[in-house]
Amino acid sequence: MSNCRKLSIFLALIFSLIYSNQLQAQAIKKSNTSNTLQFEIAGMDSLLFVAFNNRDLDKMKTFFSTELELYQDNDGVKNYVQTIEGFKSLFSRDYILRREFIKGSLEVFPIKDFGAIQTGKHQFCHVENGKMECAIFKFLHIWEKTGEGWKIKRLITYDH
6 MSNCRKLSIF LALIFSLIYS NQLQAQAIKK SNTSNTLQFE IAGMDSLLFV AFNNRDLDKM
66 KTFFSTELEL YQDNDGVKNY VQTIEGFKSL FSRDYILRRE FIKGSLEVFP IKDFGAIQTG
126 KHQFCHVENG KMECAIFKFL HIWEKTGEGW KIKRLITYDH
(Lines of atoms letter the chains of each structure in order from A and count residues from 1; the text may use other names and numbers.)
(Lines give C-alpha, C1' and ligand atoms only; values in the text may rest on other atoms or scores of the structure.)
Protein backbone atom coordinates (compact mmCIF):
# COMPACT_ATOMS: atom_id res chain seq x y z
CA MET A 1 0.00 0.00 0.00
CA SER A 2 1.42 3.38 -0.94
CA ASN A 3 2.21 6.08 1.62
CA CYS A 4 -0.35 8.36 -0.06
CA ARG A 5 -3.09 5.73 0.37
CA LYS A 6 -2.06 5.11 4.02
CA LEU A 7 -2.18 8.85 4.68
CA SER A 8 -5.65 9.06 3.08
CA ILE A 9 -6.96 6.22 5.25
CA PHE A 10 -5.37 7.75 8.36
CA LEU A 11 -6.92 11.18 7.64
CA ALA A 12 -10.30 9.59 6.96
CA LEU A 13 -10.16 7.84 10.34
CA ILE A 14 -9.17 11.08 12.11
CA PHE A 15 -12.00 13.02 10.43
CA SER A 16 -14.54 10.31 11.25
CA LEU A 17 -13.44 10.33 14.92
CA ILE A 18 -13.70 14.12 15.09
CA TYR A 19 -17.12 14.06 13.41
CA SER A 20 -18.31 11.30 15.74
CA ASN A 21 -17.15 13.27 18.80
CA GLN A 22 -18.94 16.38 17.51
CA LEU A 23 -22.18 14.40 17.07
CA GLN A 24 -21.87 13.00 20.59
CA ALA A 25 -21.24 16.48 22.02
CA GLN A 26 -24.29 17.83 20.17
CA ALA A 27 -26.43 14.93 21.43
CA ILE A 28 -25.28 15.54 25.01
CA LYS A 29 -25.93 19.29 24.69
CA LYS A 30 -29.40 18.64 23.21
CA SER A 31 -30.16 16.12 25.97
CA ASN A 32 -29.07 18.57 28.68
CA THR A 33 -31.10 21.35 27.05
CA SER A 34 -34.13 19.04 26.82
CA ASN A 35 -33.74 18.01 30.47
CA THR A 36 -33.43 21.64 31.58
CA LEU A 37 -36.44 22.67 29.51
CA GLN A 38 -38.50 19.74 30.78
CA PHE A 39 -37.55 20.63 34.36
CA GLU A 40 -38.52 24.30 33.83
CA ILE A 41 -41.87 23.50 32.22
CA ALA A 42 -42.70 20.81 34.79
CA GLY A 43 -41.99 23.40 37.50
CA MET A 44 -44.24 25.98 35.83
CA ASP A 45 -47.01 23.39 35.45
CA SER A 46 -46.72 22.51 39.12
CA LEU A 47 -46.87 26.16 40.23
CA LEU A 48 -49.85 26.82 37.96
CA PHE A 49 -51.84 24.04 39.54
CA VAL A 50 -50.83 24.88 43.09
CA ALA A 51 -52.51 28.21 42.33
CA PHE A 52 -55.47 26.36 40.74
CA ASN A 53 -55.92 23.96 43.66
CA ASN A 54 -55.70 26.90 46.09
CA ARG A 55 -58.19 28.94 44.02
CA ASP A 56 -55.63 31.74 43.74
CA LEU A 57 -56.96 33.56 40.69
CA ASP A 58 -54.47 36.44 40.91
CA LYS A 59 -51.55 34.01 40.85
CA MET A 60 -53.11 32.00 38.03
CA LYS A 61 -53.35 35.11 35.85
CA THR A 62 -49.55 35.38 35.91
CA PHE A 63 -49.17 32.09 34.02
CA PHE A 64 -51.19 33.12 30.97
CA SER A 65 -50.39 35.44 28.09
CA THR A 66 -53.02 38.13 27.58
CA GLU A 67 -53.09 36.76 24.01
CA LEU A 68 -54.21 33.36 25.34
CA GLU A 69 -56.38 31.13 23.21
CA LEU A 70 -57.96 28.17 25.00
CA TYR A 71 -59.38 25.35 22.89
CA GLN A 72 -61.55 22.77 24.64
CA ASP A 73 -63.18 19.90 22.78
CA ASN A 74 -66.46 20.11 24.69
CA ASP A 75 -66.60 23.86 25.37
CA GLY A 76 -65.20 25.63 22.29
CA VAL A 77 -62.66 28.45 22.05
CA LYS A 78 -62.03 31.17 24.65
CA ASN A 79 -59.69 34.12 24.95
CA TYR A 80 -57.78 35.34 28.01
CA VAL A 81 -60.66 37.36 29.53
CA GLN A 82 -63.18 34.56 29.03
CA THR A 83 -60.75 32.01 30.49
CA ILE A 84 -60.09 34.09 33.60
CA GLU A 85 -63.84 34.67 34.04
CA GLY A 86 -64.34 30.91 33.75
CA PHE A 87 -61.79 30.28 36.52
CA LYS A 88 -63.41 32.99 38.65
CA SER A 89 -66.82 31.33 38.25
CA LEU A 90 -65.38 27.89 38.96
CA PHE A 91 -63.63 29.11 42.12
CA SER A 92 -66.85 30.68 43.43
CA ARG A 93 -68.65 27.31 43.49
CA ASP A 94 -69.19 25.52 46.77
CA TYR A 95 -67.18 22.43 45.99
CA ILE A 96 -63.56 21.52 45.82
CA LEU A 97 -62.08 20.73 42.45
CA ARG A 98 -58.52 19.38 42.49
CA ARG A 99 -56.09 18.79 39.68
CA GLU A 100 -53.36 16.17 39.82
CA PHE A 101 -50.79 15.58 37.13
CA ILE A 102 -50.55 11.98 35.85
CA LYS A 103 -46.97 10.94 36.48
CA GLY A 104 -45.08 9.74 33.45
CA SER A 105 -47.32 11.58 30.96
CA LEU A 106 -45.24 14.77 30.65
CA GLU A 107 -43.60 15.48 27.31
CA VAL A 108 -41.82 18.74 26.53
CA PHE A 109 -40.50 19.85 23.14
CA PRO A 110 -38.64 23.08 22.37
CA ILE A 111 -39.96 25.62 19.88
CA LYS A 112 -36.97 27.40 18.38
CA ASP A 113 -36.72 31.08 19.35
CA PHE A 114 -40.13 30.98 21.07
CA GLY A 115 -40.68 28.54 23.91
CA ALA A 116 -41.97 25.02 24.36
CA ILE A 117 -44.77 22.55 23.76
CA GLN A 118 -45.98 20.63 26.80
CA THR A 119 -48.28 17.64 26.56
CA GLY A 120 -49.59 15.40 29.27
CA LYS A 121 -52.55 14.04 31.16
CA HIS A 122 -54.15 15.32 34.32
CA GLN A 123 -56.89 14.16 36.62
CA PHE A 124 -59.57 16.42 38.03
CA CYS A 125 -61.55 15.29 41.07
CA HIS A 126 -64.53 16.78 42.87
CA VAL A 127 -67.35 15.59 45.11
CA GLU A 128 -70.65 15.26 43.32
CA ASN A 129 -73.81 13.97 45.02
CA GLY A 130 -71.72 12.96 48.04
CA LYS A 131 -69.38 10.84 45.93
CA MET A 132 -65.84 11.56 44.70
CA GLU A 133 -65.82 11.90 40.91
CA CYS A 134 -62.52 11.83 39.01
CA ALA A 135 -61.69 11.93 35.33
CA ILE A 136 -58.49 12.02 33.31
CA PHE A 137 -58.05 14.42 30.40
CA LYS A 138 -55.30 15.23 27.92
CA PHE A 139 -53.81 18.67 27.42
CA LEU A 140 -51.32 20.60 25.33
CA HIS A 141 -49.79 23.91 26.39
CA ILE A 142 -47.78 26.20 24.15
CA TRP A 143 -45.45 28.10 26.48
CA GLU A 144 -43.79 31.33 25.38
CA LYS A 145 -40.56 32.46 27.04
CA THR A 146 -41.03 36.21 27.59
CA GLY A 147 -39.14 38.92 29.43
CA GLU A 148 -41.58 38.31 32.29
CA GLY A 149 -40.95 34.55 32.31
CA TRP A 150 -42.90 31.60 30.92
CA LYS A 151 -46.48 32.27 29.76
CA ILE A 152 -49.06 29.89 28.29
CA LYS A 153 -50.09 31.36 24.95
CA ARG A 154 -52.18 28.44 23.66
CA LEU A 155 -53.96 25.85 25.77
CA ILE A 156 -55.70 22.83 24.34
CA THR A 157 -57.63 20.44 26.54
CA TYR A 158 -59.33 17.41 25.06
CA ASP A 159 -60.53 13.82 25.42
CA HIS A 160 -63.35 14.79 27.76
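6 is the number of the first residue of the sequence shown in the numbering used here; add one for each residue after it. All C-beta atoms in this analysis are idealised placements derived from N, C-alpha and C, irrespective of residue type, glycine included.
Sequence-distant Cβ neighbours of residue 110 in its own chain, meaning closer than 7 Å and more than five residues away, are 125 and 126. No alpha helix (DSSP H) of 4 residues or more sits fully in the stretch 93 to 141.
For residue 154, the enclosing beta strand (DSSP E) begins and ends at 154 to 163.
Beta bridge pairing from DSSP links residue 144 with 125 and 162. Counting other Cβ atoms within 10 Å of its Cβ, residue 80 stays below 16 and is therefore classed as exposed. Under the 10 Å beta carbon count, residue 165 is surrounded by fewer than 16 other beta carbons and is classified as exposed.
The stretch 117 to 124 makes no contact with the stretch 69 to 86; the number of CB pairs closer than 8 Å stays below 3. Partner residues in the beta bridge of residue 76, as assigned by DSSP, are 82 and 161. Inclusion of residue 157 and residue 57 in the CB contact set at 9 Å is not warranted, their separation being larger than that value.
Taking the Cα positions, residue 72 is about 29 Å away from residue 101. Here the C-alpha atom of residue 151 lies approximately 9 Å from the C-alpha atom of residue 70. Excluding residues up to 5 positions away in sequence, 128 lie with their Cβ nearer than 6 Å to the Cβ of residue 105 in the same chain.
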